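Counted the way the working numbering counts, the sequence shown spans residues 10 to 280.
For glycine and all other residues, C-beta sits at the position ideal for the given N, C-alpha and C.
Please read these numbers as outputs of a predicted model, since none were measured by experiment.
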Amino acid sequence: RELTPEVDEDYNEAPETQVTCVEIESACTPIQENCCLFMKDIAVVKLKTKVNYTDYIRPICLPENCVDPPAKTTPYVAGWGKIYDYYIPDEYEYDYDVEDQMEDLEVQKSMSKTSSEVASVGLQTEQAGFLVYRYANTLMERKLDLIDQVHCTSQMKSKVPGYIVCTSGGTCRGDSGGPLMYEENGRWTLIGVLSDGTDNCYHPERPTLFVKASHFVDSLISRFVQPGNHGDKNDTCATENARKECVTRFYEFYNNSLTYKTSSRNLLPSQ
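Okay, here's the thing in structure tokens:
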């Protein structure tokens, strides 16, 4: 099956003139040692044709190999993932059509939400309503805080490998694969690629995990982006079967984790 990525210039539902479709010549994912929580969730993709830069399609600088971002860096994440609005139905207009629309937008009812909780996401009201999750129509960004490996390991309750970067959260479903980046002297540099977050987008119970780009600069990325330096794919890239098996194990791990979490919650005593 031939892959054709869409490079979206501005909006999630942009007109055709703002979307550039480019065919993929080849893709390489690293050979995995861990197909569970800390999978090396990164790939290098070689396009068949060049992409013209515009005001909205720009390159990003790669870090030096195995180099961490500067101290006191302010990192940002960007993506078209889900955001939520607090919807207050009009008692005179609220009908089944609105209710059905809410379900389509994966509504989560929050009738007991207090004004202080709502204020934490930028909205203030004492009326009961719904949290309406939807995908953003414009590219969103958010400032995050980096968490060092020691504190991340403590919060994750599992040893965090060196190719993982941890942040304070702030991402949501649909942001996966997005960049964690920082700006220095007018240049944006890639720190990592979003791999895993929590179900609670605004108040995550644990760190968000990014795959550290600098860990793969020499071993993976440079072998494909430098002219004439593609390396031996057998030593660098996972086979298609190995990739599929690893992804399957990855999702099985998450399904088991979700089942465990649900069972644990069901066992909690009622208040």
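A distance below 6 angstroms between beta-carbons, with the five flanking residues on each side excluded, links Ala36 to the following residues of its chain, in chain order: Ala52 and Val54. The three-state secondary structure of Ser223, taken from DSSP, is helix. Beta bridge pairing from DSSP links Ala36 with Val54.
DSSP places Met165 in the uninterrupted alpha helix (DSSP H) bounded by Gln158 to Met165. Non-local beta-carbon contacts of Thr82 in its own chain, meaning distances under 6 angstroms to residues more than five positions away in sequence, involve Tyr191 in chain order. Nearest C-alpha to Lys49 among Thr207, Gly186 and Asp208: Gly186. Leu46 and Tyr172 have their C-alpha atoms roughly 12 angstroms apart.
Checking the DSSP bridge columns, you'll see Glu150 partnered with Ala87. For Ile33, the closest of Thr198, Lys221, Lys59 and Thr180 by C-alpha to C-alpha distance is Lys59. Across the structure, Val159 and Ser228 are spaced so that their CA atoms are roughly 25 angstroms apart. DSSP links Arg143 through a beta bridge to Ile92.
With three or more CB-CB distances shorter than 8 angstroms, the region 211-225 counts as touching the region 165-180. Excluding five sequence positions before and after Leu189, the CB atoms of its chain that fall closer than 8 angstroms to its own CB belong to Pro84, Tyr85, Val86, Leu153, Val174, Thr176, Leu199, Ile200, Gly201, Val202, Leu203 and Phe219, given in chain order.
In this structure, DSSP gives Ser204 an extended state, which the three-state scheme calls strand.
Excluding its 5 nearest sequence neighbours in each direction, Trp197 has C-beta neighbours in its own chain below 6 angstroms: Ile69 and Met190, listed in chain order.
Taking the CA atoms as reference points, Asp64 sits about 13 angstroms from Val28. By DSSP's assignment, Met190 forms a beta bridge with Tyr85 and Leu199. Taking the Cα of Phe233 as reference, the smallest distance to any Cα among Val31, Pro39 and Cys44 is reached at Pro39.
Counted as a single uninterrupted DSSP element, the beta strand (DSSP E) harbouring Thr29 occupies residues Val28 to Cys30. Look at Cys255 here: in three-state DSSP terms it is helix.
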